[in-house]
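First the structure, in the form of structure tokens, and then the observations on it.
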Amino acid sequence: MYLALNVETSFEIKSLTDLPKFKQLMEYLKMKINKSKLAEELGVDRRTVDKYLNGFVPKRKRKKPSKIDQYCKVIAALLSEDSKQVFYHRRVLCQYLKKTITGWSVPPLLFVHT
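Numbered per the UniProt record's numbering, the sequence shown spans residues 1 to 114.
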């Protein structure tokens with residue numbers, strides 16, 4: 001009897017997305033996977049390795065613009081060296097923008113005490 005096996009002999013795991021293929025190969029060969037060693041080599045937790053071995057696919061994140069993008073030109077103009085207004089602290093800039101732009105709320109990252 002002749003049996004031809006189409007098994008790839010070399011298999012390199014570069015990322016977590018390669019793990020489902022690796023699991024199929026290991027199940028076919030009836031070998032167990034050392035999840036702790038894989039986790040150590042990939043630099044993640046063993047539970048993360050287990051999750052990806054079971055077919056986890058991360059949700060795609062949509063790109064959405066920042067809430068401050070619409071005010072970038074105003075802020076850049078105010079902070080430029082040609083501006084008559086001089087801001088020594090971000091807090092002063094935030095107060096000025098609150099007064100001049102209606103409906104402007106302070107983003108949490110911009111309002112940091114220095």
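Ideal placement from N, C-alpha and C gives every residue a C-beta, glycine not left out.
Asked, Found
"What is the DSSP secondary structure of Tyr96, reduced to helix, strand or coil?", "helix"
"Rank Lys59, Asn54, Leu97 by C-alpha distance to the C-alpha of Gln70 and give the top, closest one.", "Leu97"
"Just to confirm my understanding: we take His113, look at its own chain, exclude 5 residues before and 5 after, and list those with CB closer than 7 Å. What are they?", "In this predicted model, His113 has a pLDDT of only 47, less than 50, meaning its place in the structure is not dependable enough to derive any value."
"Alpha carbons only, please: which of Leu25, Val74, Met31 is nearest the one belonging to Ser10?", "Leu25"
"Distance check for Lys59 and residue 116, CA to CA, integer angstroms please.", "Since the first and last residues shown for the chain are 1 and 114, residue 116 lies out of range."
"For Leu19, count neighbouring C-beta atoms within 10 Å of its own C-beta (all shown protein chains included) and say buried if the count is 16 or more, exposed if not.", "buried"
"Label Val49 either buried or exposed according to how many other C-beta atoms from any shown protein chain fall within 10 Å of its C-beta, with 16 as the threshold for buried.", "buried"
"Is it right to say Leu79 is buried, meaning 16 or more other beta carbons lie within 10 angstroms of its own, or is it exposed?", "exposed"
"If you follow the alpha helix (DSSP H) that Arg60 is in, where does it begin and where does it stop?", "Premise fails: Arg60 is in no alpha helix (DSSP H) and is neither H nor E."
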